[in-house]
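Residue numbers (my numbering): 44 to 490. Everything below concerns the one structure shown next.
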Amino acid sequence: MLPGGLVSLKLTVIGTGYLGATHAASMAELGFDVLGVDVDKEKIDALGRGELPIHEPGLPELLRKHTESGRLRFTTSFEEAGAFGDVHFIAVGTPQRAGEHAADMTYVDASVTAIARAATKDSLIVGKSTVPVGSARRLKALAAQEAREGVTIDFAWNPEFLREGYAVEDTLRPDRLVIGSDSATAEPVLREVYAQAISMNTPFISTDFETAELVKVAANAFLATKISFINAFSEVTETVGGDIRTLADAIGLDSRIGRRFLNAGIGFGGGCLPKDIRALQARVSELGLDSTMRFLNEVDEVNLRRRDRTVYVAETLLGNLEGKRVAVLGVAFKPNSDDVRDSPALDVAARLFNSGADVSVYDPAANSNAAKRYPRLNYVDALTDAVNEADLVMMLTEWSEFVRIDPAELAELVAHKVMFDGRNVLDHRTWKDAGWDIVSLGHKSEL
Ligand code: NAD
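Structural data, given as structure tokens:
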């Protein structure tokens with residue numbers, strides 16, 4: 044039994060990146076006392092001052108509100124966390140291992156070990172990071188082994204489904220809660236933590252560790268497959284003719300299929316889908332199921348081929364990239380985020396630069412993260428600066444600012460009125476009427 048009763052639960056969130064910072068601030072918003080823990084001192088100092096080091100709509104306000112109220116604090120000390128928390132959420136990264144497909148579990152193992160050693164009271168560790176199936180059972184044993192004499196550590200897995208750009212909304216009003224555990228004690232504690240969402244009839248799925256871990260990677264594998272499915276059809280329509288948007292609209296009207304995630308374009312990226320489908324393949328191979336998830340290899344390949352195709356289209360449009368001015372609008376992997384991890388847009392921008400193009404980049408939030416990865420691109424602070432005298436404008440991340448561009452106004456600034464719509468979101472008729480050549484993936488006639 045946890046001390047103090049369920050209502051006064053104190054929470055820690057270990058790992059304060061995109062997931063952890065959002066979770067910590069959202070839990071404070073729900074009324075809990077929360078301590079965010081990270082090994083990155085600079086990040087912890089910034090968060091402690093109420094400054095958010097990432098771009099996430101709605102999160103700066105929550106962070107400021109609760110650092111000021113004192114309900115949300117940050118530390119690098121596991122000792123402090125171990126003395127404070129009744130529930131410890133693990134939200135550290137699980138990136139792709141260098142040179143391999145498998146997930147790097149170093150950070151999860153280190154954080155579970157550290158908090159289990161530091162806990163001075165009975166507590167519950169709740170994994171939220173995305174991990175290979177089988178990890179929770181192993182980590183539970185690890186925590187029990189590392190716990191202090193007389194301290195009991197319970198364990199649960201609670202995968203996270205938030206979308207960057209909507210992270211606060213998704214955390215406060217999730218579309219489902221999934222809890223994996225093998226004890227009778229973990230679930231009531233988590234029902235208390237998530238009481239507000241449960242009171243709004245959020246489905247609460249209580250299951251075993253393996254199912255909980257697999258729900259997350261299955262969801263991501265499905266979404267990635269859906270995107271690559273329509274992008275594979277793009278390859279067909281680019282060859283034979285046809286309109287990929289109409290195709291997606293038409294099949295999307297079938298309620299068994301649905302229109303979402305059927306947007307043909309330069310493909311998926313980010314810190315989740317690409318590495319999660321690779322880690323899943325690696326894990327099932329490890330389990331001896333070599334061919335089971337082989338289709339995900341194709342999903343990955345189709346996705347990466349979209350980047351090749353985009354570079355090819357740019358070369359075709361410009362004849363030769365050498366010295367040509369290319370304006371890249373958007374380098375975040377998706378709009379409303381500053382995340383450039385495995386961003387197809389940034390990858391394309393860098394490849395055009397490496398082929399001799401003079402690339403100007405404008406992203407409303409991701410310029411500085413992109414500059415850390417590819418410092419040699421020319422980053423500018425305004426859309427108008429990026430497109431100035433451009434031979435080709437490439438809209439690669441569909442920020443609403445770009446979707447709303449007035450083609451007539453833009454025409455005044457560029458050297459040549461050629462637009463590449465990398466996300467198939469612009470109204471081609473309007474652009475053509477304004478005198479532009481507009482090209483997107485999935486269309487033969489326009490190339
Ligand atoms: P991130 O890189 O933004 O944050 C990870 C944080 O963990 C960093 O701040 C890092 O300093 C910290 N950290 C590393 N080792 C630590 C340790 N031993 N102790 C304490 N802190 C440590 O990553 P993220 O995007 O927040 O992802 C975290 C996990 O959540 C991953 O498993 C990811 O797959 C999963 N996830 C992410 C999202 C998303 O949209 N970003 C959504 C769902 C699930």
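A virtual CB, placed ideally from N, CA and C, is assigned to each residue, including glycine.
{"Asked": "Euclidean distance between Cα positions of residue 457 and residue 355", "Found": "21 Å"}
{"Asked": "Secondary structure of residue 303, DSSP reduced to three states", "Found": "coil"}
{"Asked": "Buried or exposed by the 16-neighbour rule on C-beta atoms within 10 Å, applied to residue 283", "Found": "exposed"}
{"Asked": "For residue 437, the nearest candidate out of 365, 481, 413 and 418 (CA to CA)", "Found": "481"}
{"Asked": "From 450, 386 and 483, residue whose alpha carbon lies closest to that of residue 352", "Found": "483"}
{"Asked": "Exposure of residue 117, with buried meaning 16 or more beta-carbon neighbours within 10 Å", "Found": "buried"}
{"Asked": "Residue 260 Cβ short of 7 Å to the ligand NAD heavy atom set", "Found": "no"}
{"Asked": "Entirely enclosed alpha helix (DSSP H) segments - the stretch 309 to 383, minimum 4 residues", "Found": "316 to 329 and 338 to 361"}
{"Asked": "Proximity test, residue 207 beta-carbon vs the ligand NAD heavy atom, cut-off 7 Å", "Found": "yes"}
{"Asked": "Assigned secondary structure, residue 75 (DSSP; H/G/I helix, E/B strand, else coil)", "Found": "coil"}
{"Asked": "Minimum length 3: unbroken beta strand (DSSP E) runs contained in the stretch 94 to 119", "Found": "115 to 118"}
{"Asked": "CA-to-CA distance, residue 154 to residue 80, given in whole angstroms", "Found": "10 Å"}
{"Asked": "The stretch 279 to 295 in contact with the stretch 368 to 383 per 3-pair CB rule at 8 Å", "Found": "no"}
{"Asked": "Proximity test, residue 415 beta-carbon vs the ligand NAD heavy atom, cut-off 7 Å", "Found": "no"}
{"Asked": "Nearest-angstrom beta carbon gap, residue 52 and residue 235 [assumed within contact, 8 Å]", "Found": "6 Å"}
{"Asked": "Distance, residue 243 Cα to residue 76 Cα", "Found": "22 Å"}
{"Asked": "Simplified DSSP state of residue 483, which is helix, strand or coil", "Found": "strand"}
{"Asked": "Pick from 96, 119, 265 and 279 that is closest to residue 56, judged by C-alpha positions", "Found": "119"}
{"Asked": "Start-to-end residues for the alpha helix (DSSP H) that takes in residue 199", "Found": "Per DSSP, residue 199 belongs to no alpha helix (DSSP H); it is in the beta strand (DSSP E), 196 to 200."}
{"Asked": "Among 237, 272 and 349, the one whose alpha carbon lies nearest that of residue 390", "Found": "349"}
{"Asked": "Other residues of its chain near residue 258: CB distance less than 7 Å, five sequence neighbours each side excluded", "Found": "202 and 221"}
{"Asked": "Residue 112: CB within 7 Å of a non-hydrogen atom of the ligand NAD", "Found": "no"}
{"Asked": "Residue 301 burial status per 10 Å Cβ neighbour count (16 or more: buried)", "Found": "exposed"}
{"Asked": "Secondary structure of residue 410, DSSP reduced to three states", "Found": "helix"}
{"Asked": "With 16 other Cβ atoms within 10 Å as the buried cut-off, status of residue 397", "Found": "exposed"}
{"Asked": "Closer than 7 Å: residue 325 CB and nearest the ligand NAD heavy atom", "Found": "no"}
{"Asked": "Beta carbon of residue 125 nearer than 8 Å to that of residue 186", "Found": "no"}
{"Asked": "Pair within 8 Å by beta-carbon distance, residue 82 and residue 173", "Found": "no"}
{"Asked": "Counted within 10 angstroms of its Cβ, other Cβ atoms place residue 21 as buried (16 or more) or exposed", "Found": "Any answer about residue 21 is impossible in this case: the structure gives the chain only from 44 up to 490."}
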